[in-house]
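> Sharing a structure with you now.
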Amino acid sequence: MIHLVLQEKLQQVVNALMPEADVSNILVRPCPEPKFGDYQTNALIGLAKRNQLNPREFAAQVVEQLDVTEYCEPIEIAGPGFLNFRLKAMALSDSLAGAARGEHLFYHTDAEPRTVVIDYSSPNVAKPMHVGHIRSTILGYALAKVFRLLGHKVVTDNHIGDWGTQFGKLLVGWKEHLDKEALGQDALAEMERLYKLVNAASDGDEAVLARARNELVKLQDGDAENLAIWHEMIDLSRHQFDEIYSRLRVNFDETLGESFYNDRLKGVVDELIAQGIAEESEGAQVVFFNDHKSLKKHPAIVRKSDGAANYTTTDLATLEHRQNTWQPSEVIYVTDGRQQLHFQQLFALYDRWKPNHGMKFNHVWFGAILGEDGRPFKTRSGEIIRLAGLLDEAEQRAFDTVSKKNPDLPEEERNEIARVVGLGAIKYADLSGNRQSDYVFNWDTMLALVGNTAPYLLYAFTRIRSIFRKLGDESLTRPKAFALDQAEELTLAKHLLRFGLVLELVIEECRPNYLCNYLYELAGHFGSFYENCPVLQAGGDTRTQRLALCNLTGQVLQTGLETLGLETTDRM
RNA sequence: GCCCCGGUAGCUCAACUGGAUAGAGCGUCUGCCUUCUAAGCAGAAUGUUGUGGGUUCGAGUCCCGCCCGGGGUACCA
């Protein structure tokens, strides 16, 4: 983590020269252009200007005091006052040799681990999971793994939608229109059919609506028959969710659905009323945010006029439970961007309810999935694309490709490769973009096997594995030092050193695409290295060092991919 | 109406939070498989970053106006 050492020394020097200045935003970053150096800072320019100093003269003063000769060639002052750092060969060598000895993998765990609750996936009972759910699931799982890699304690929680007004209509449908055979074949599809059926029938039909309300009241009052049906719907749904999660290789520490908090809802509202936070308005219990600029016009309802709680109430109870149970320093919600207002309300409301909670709230939202016409995504028939079908298609395409590229592999192995590659492609397609951008769904883009895709990264990994297979029984000697002279070796090695920087950026911004970009670049640098720097045919120290470089690249690739939730394969 | 996102190459997307010449992939064109897996590598072409102003050493990024698209906007989640 050389850049952190540079950064710390730089901050110390600036602090000595300018004691009042806030040095926390004086950062050392990789140079965008290698020709300028390996790392740079541009923070001195702004700092000098804010203090009516000449930036270049100030930079010169800093450089005068800054002793980094252990790591860098003489610092260059460039342009209006950039500092450019160029790594000494020895510093690079030391870092690589340490990693080769297994002392680190170019990142370090946080000295002050935090506890983080991450809420993701959260599908609704009785509705099939579709492509929209995959984003939350895959993003949330990847984020959890990055936090864990950096030493934080993570509690993942799948907040399933298993309680609420939709069960009124579902119960009517179940009792009046259930097709048991269809239920046995595809339970979620059948439940969805029932819901849509009753939903359509209730449109403008008071009698149907009344039946649905009645069934819901009976359920909430603990009617034995309705409770039994409700339980069955949950079991069937969860069974299908678990199938998807198992295919995606995603898991959760907790699965506490909305119903888990049911007994607490009344108490939450009563407390809000007693504390004068909630008040009656138009028959409902409502919280106004008059002192809150952006929420002024958007009060939150915590009890509907019919007396029932809603999702704000449930989410308040959920936050309370999380605070009491895990005392997290941060709670992260991974949902689509349409819920931004809801979470603004929730966070503001919780701040008022429990002012000393000490938690940082973070709504990590993502953009919509659009069709090729740029409108919200639907297939031609109007049906939302099901997740299971998407996964099947991905694996099939990967299987066809591996069978073409490598027909001699046993079918069983090709199947396993297809699974890893196909699922990896889907996950990577979801992770590699900026999560806040809407994205246009396209089968060929999402399932592409060339270009900036998971298979590209996996392929680089298999080439490394292949080299080590060729090595056979020969034991790997650890180089004591790295004397790299080829441009491709240096580029690759220096990129390895940035791994930790990227991981920290990912958890700061909750954006796994930074890690995707990094790994893609790493695989690219490895590709050039692989073409230009023979490994097994090289001799002496060069061979030893290149083998070690391959090994380290493989480790970073594998760690990075696994952290994103992707598996690796030795052959493709 | 108001609020929040967004608009970048023909297409799909990046751009390390205000940095140096805006980058990748797909598609198009040109080379490279008796040598560690060609799902690869090397190279070419492609841009008024929606638009008009402003801020400053420096703007895709920040501020203001306008155009276009999406979402939200009191009892769905």
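With our numbering, you'll find the first sequence wraps up at 1004, consecutive numbering, no jumps. Backbone N, C-alpha and C define an ideal beta-carbon position, used for all residues, glycine too.
Whose C-beta lies closer than 6 Å to the C-beta of N866 among residues of the same chain, with five residues either side of it excluded?
As a position in the first sequence, residue 866 is number 434, starting the count at 1. The residues are N945.
> DSSP state of F538, grouped into three classes?
In the first sequence, counting from the first residue as 1, residue 538 sits at position 106. If DSSP states are grouped into helix, strand and coil, F538 belongs with coil.
> Closest to F517 by C-alpha separation, out of A529, K481, V437, K577, would be which residue?
Within the first sequence, the letter at position 85 stands for residue 517. Comparing Cα positions, the closest option is V437.
> Residues in its own chain within less than 6 Å of T473 by CB, not counting five upstream and five downstream?
Position 41 of the first sequence holds residue 473. So the list reads V460, L515, once near-sequence residues are dropped.
> How do the stretch 562-579 and the stretch 713-732 stand: do at least 3 beta-carbon pairs fall below 8 Å, yes or no?
Not touching, per the Cβ criterion.
> Between the alpha carbons of K859 and L680, how many angstroms are there, rounded?
Taking the first sequence and counting its residues from 1, the one referred to as residue 859 is at position 427. Taking the first sequence and counting its residues from 1, the one referred to as residue 680 is at position 248. Taking the straight line joining both Cα atoms gives about 9 Å.
> Just mark S1023 as buried or exposed, buried being the case when its beta carbon has 16 or more other beta carbons within 10 Å.
Residue numbering for the chain in the displayed model covers 433 to 1004; residue 1023 lies beyond these limits and cannot be assessed.
> Looking at the unbroken alpha helix (DSSP H) that takes in L968, where does it start and where does it end?
Position 536 of the first sequence, counted from the start, is the residue given in the question as residue 968. Element bounds for L968: n/a, residue is neither H nor E.
> Can you check whether the CB of L968 is closer than 8 Å to the CB of I899?
Within the first sequence, the letter at position 467 stands for residue 899. Within the first sequence, the letter at position 536 stands for residue 968. A contact, by the Cβ cut-off of 8 Å.
> Could you tell me the distance, in whole angstroms, from the CA atom of G814 to the CA atom of G803?
Walking along the first sequence from the start, residue 814 turns up at place 382. Walking along the first sequence from the start, residue 803 turns up at place 371. With a pLDDT of 48 at G814, under the threshold of 50, the modelled position of that residue is not reliable, and the figure given next carries that caveat. Near 11 Å, if we compare the C-alpha coordinates of G803 and G814.
> Between which residues of its own chain and R533 is the CB-CB distance below 8 Å, once the five residues before and five after are set aside?
Counting from 1 along the first sequence, the entry for residue 533 is found at position 101. Same-chain partners within the cutoff: R910.
> Please classify R735: does DSSP put it in a helix, a strand, or coil?
Position 303 of the first sequence holds residue 735. Correct three-state label for R735: strand.
> Roughly how many angstroms lie between the CA atoms of D635 and N556, to the nearest whole one?
Reading the first sequence from its first residue, position 203 is the one you call residue 635. Reading the first sequence from its first residue, position 124 is the one you call residue 556. Rounded to whole angstroms, D635 to N556 spans 22 Å at the Cα level.
> Here's a check: name, in chain order, each residue in its chain whose Cβ is nearer than 7 Å to the Cβ of Q987, leaving out the five neighbours to either side.
In the first sequence, counting from the first residue as 1, residue 987 sits at position 555. Counting only Cβ-Cβ distances below 7 Å, and skipping sequence neighbours, we find L537.
> Assuming the contact rule is C-beta atoms closer than 8 Å, Q868 and F798 should be a hit. Round their C-beta distance to whole Å, please.
If you number the first sequence from 1, residue 868 lands on position 436. If you number the first sequence from 1, residue 798 lands on position 366. Confirmed, Cβ separation roughly 6 Å.
> Helix, strand or coil: which one does DSSP assign to L802?
Looking up residue 802 in the first sequence gives position 370. Here L802 sits in strand by DSSP.
> Below 8 Å CB to CB, which residues in the same chain sit around D768 once its five sequence neighbours on both sides are set aside?
As a working note, residue 768 is residue 336 in the first sequence. Once the five neighbours on either side are set aside, the close Cβ partners of D768 are G564, R567, S568, W797, F798, G799, A800.
> In whole angstroms, what is the alpha-carbon distance linking Q777 and K728?
Here residue 777 refers to the residue found at position 345 of the first sequence. Here residue 728 refers to the residue found at position 296 of the first sequence. Those two C-alpha atoms are separated by around 10 Å.
> According to DSSP, what are the bridge partners of F961?
Walking along the first sequence from the start, residue 961 turns up at place 529. Its beta-bridge partners do not exist; DSSP assigns none.
> Where does H730 sit, in a helix, a strand or coil, going by DSSP?
Reading the first sequence from its first residue, position 298 is the one you call residue 730. Correct three-state label for H730: coil.
> Rounded to whole angstroms, what is the Cα-Cα separation between L979 and A970?
Along the first sequence, read from residue 1 onward, the residue named residue 979 stands at position 547. Along the first sequence, read from residue 1 onward, the residue named residue 970 stands at position 538. Each residue's Cα considered, the two are about 10 Å apart.
> Does the pairing of the stretch 647-661 with the stretch 592-608 give three or more beta-carbon distances under 8 Å?
Yes, the stretch 647-661 is in contact with the stretch 592-608.
> Taking the Cβ atom as the reference point for each residue, do M561 and I666 lie within a distance shorter than 8 Å?
Translated into the one-based positions of the first sequence, residue 561 becomes position 129. Translated into the one-based positions of the first sequence, residue 666 becomes position 234. It is not a contact, given that the beta carbons lie outside the stated cut-off.
> Would you kindly work out how many angstroms separate the C-alpha atoms of H435 and L863, rounded to a whole number?
Translated into positions along the first sequence, residue 435 becomes position 3. Translated into positions along the first sequence, residue 863 becomes position 431. Distance between the alpha carbons of H435 and L863 is about 26 Å.
> Measure the beta-carbon distance from V549 to D589 and round it to whole angstroms, keeping in mind my assumption that it falls under 8 Å.
Within the first sequence, numbered from 1, the residue matching residue 549 stands at position 117. Within the first sequence, numbered from 1, the residue matching residue 589 stands at position 157. Their Cβ separation, rounded to whole angstroms, is 6 Å, which keeps V549 and D589 in contact under 8 Å.
> Around the C-beta of D637, are 16 or more other C-beta atoms found within 10 angstroms, so that it is buried, or is it exposed?
Working through the first sequence from its first residue, we reach residue 637 at position 205. D637 is exposed by the Cβ-count criterion.
> So the candidates are P512, D783, C948; which of them puts its Cα closest to the Cα of N884?
Position 452 of the first sequence holds residue 884. It is C948 whose Cα lies nearest to the Cα of N884.
> Report all residues from its chain with a CB closer than 8 Å to the CB of K786; omit the five preceding and five following residues, and keep chain order.
Start at 1 with the first residue of the first sequence, and residue 786 comes out as number 354. Counting only Cβ-Cβ distances below 8 Å, and skipping sequence neighbours, we find E752, Q755.
> Note down the Cα distance separating A861 from G739, rounded to an integer number of angstroms.
By one-based count along the first sequence, residue 861 stands at place 429. By one-based count along the first sequence, residue 739 stands at place 307. Distance between the alpha carbons of A861 and G739 is about 44 Å.
> Are the stretch 611-622 and the stretch 578-585 touching, with three or more C-beta to C-beta distances below 8 Å?
Touching, no, given that fewer than three Cβ pairs across the two stretches are closer than 8 Å.
> I'd like the ranges of any alpha helix (DSSP H) spanning at least 4 consecutive residues and lying wholly in the stretch 845-870.
Entirely contained in the stretch 845-870, not one alpha helix (DSSP H) run reaches 4 residues.
> Helix or strand or just coil, what does DSSP make of Q759?
Start at 1 with the first residue of the first sequence, and residue 759 comes out as number 327. Residue state, collapsed to three classes: coil.
> Between which two residues does the beta strand (DSSP E) containing T547 stretch?
Along the first sequence, read from residue 1 onward, the residue named residue 547 stands at position 115. Per DSSP, T547 belongs to the beta strand (DSSP E) from 547-551.
> Going along the chain, which residues of its own chain have a beta-carbon closer than 7 Å to the beta-carbon of A510, five neighbours each way excluded?
To locate residue 510, count along the first sequence from 1; it is residue 78. Counting only Cβ-Cβ distances below 7 Å, and skipping sequence neighbours, we find F468, N516.
> A492: which of P466, K577, E508, S678 sits nearest, CA to CA?
Residue mapping note: residue 492 aligns to position 60 of the first sequence, counting from 1. Selected option, being the one with the closest Cα: E508.
> With a threshold of 7 Å on Cβ separation, who are the neighbours of H609 within its own chain once the five nearest residues in sequence on each side are excluded?
Locating residue 609 in the first sequence gives position 177, counting from the first residue. Closer than 7 Å at Cβ, skipping near neighbours: L626, L629.
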